[in-house]
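Report on the structure given below.
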Amino acid sequence: MDRERIDRNEPKGGGLAMTGFSHSIRTLRTNMAKARLAAGQHVIALEGLNDADTIERLGPMNPHAVWLEGEHNLVSPPNIADMTRAADLANTTSIVRVNRVEEGLIYQALDLGAQGVAVPHVDTREDAETVVRAAKFSPLGKRGMYGSRQGLGDPDFFKKANDETMIIVFIEDVIALDNLDEILKVDHIDVFLVGPGDMSQSMGHLGDPFHPEVTRALEDAVRKIVAAGRTAGTVGNHENVARYMELGARFFLTNPLPWIGAGYEDLRQRVGAER
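Note that the numbering used here numbers the sequence shown so that position 176 is 172, with each residue one more than the last.
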């Protein structure tokens, strides 16, 4: 076998470079949401988009990120690849929320094409360190050495992946508030997202995420995150987004369903239709 052929088939990085197609060079996609945060901008992530067709159709809206819900919905390994591929076509960042702090779930989502992972109930510094260890390759972590759909054709995938992988951790329990100072010491986490739903349950206000005590706790957490020089996020809507922006939050997870409902109601009234 000639030297040129050997060179062509030697693994040099990730993805297709391992299969003999390293001459078809493709560059790892920029994580648009992560780039916006790095530039000091805000990010809105749309949730509830759990099929590839819907994600692709949203492309002309230029969403900053699409949120693929694997904790409370049907997003799972069999469909992550197609949904993240649709996000690629829409030139938006795909973020998969896994259902627990578990290394295998985290790097599997990334291997299947997610550009970011969100992890619920990160209650301790050790939890946060586990998330980073699972999502980052050496020297930052110990993510399993395998290619990713995002890295197909890029021989430098393993060198670039850490820079483009987004990590979001949920602060959504009283114990996490107690441990927040220590959690914030963990590097390489892009967003610390305070979650009102589970926090309300944890504080004894089940089903009342807007209880004043819950709101105060979330706002105090955002202040602490921002004061530590880290990026804060929360669940955003028309009623609270101005307040959280004032506090310094820059990542907002939102459900577009109310927008659809408002648009439908407006049209219904215009045509005079009965409910």
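Glycine included, every Cβ here is placed at the ideal spot set by N, Cα and C.
For M199, the secondary structure class from DSSP, reduced to helix, strand or coil, is coil. Looking only at L85, N69, V94 and L70, the smallest Cα-Cα distance to P59 is reached by L85. Our two residues, Q37 and D78, have alpha carbons roughly 28 Å apart in a direct line.
For V97, the secondary structure class from DSSP, reduced to helix, strand or coil, is coil. Looking at the backbone, the Cα of R81 and that of I91 are separated by about 12 Å. Following the DSSP letters along the chain, one finds T88 in no beta strand (DSSP E), marked with neither H nor E.
Secondary structure note for A61: its beta strand (DSSP E) is the uninterrupted segment A61 to E65. Residue pairing by DSSP leaves M79 without any beta bridge partner. Put simply, of M141, L136 and N87 the residue whose alpha carbon is nearest the alpha carbon of G100 is M141. The criterion of a C-beta distance shorter than 9 Å is satisfied by N27 and M162. Non-local beta-carbon contacts of E215 in its own chain, meaning distances under 7 Å to residues more than five positions away in sequence, involve L243 in chain order. Looking from the CA of T230, the closest CA among A157, E52, G191 and G137 belongs to G191. Straight-line spacing of the CA atoms in Y103 and H207 works out to 36 Å.
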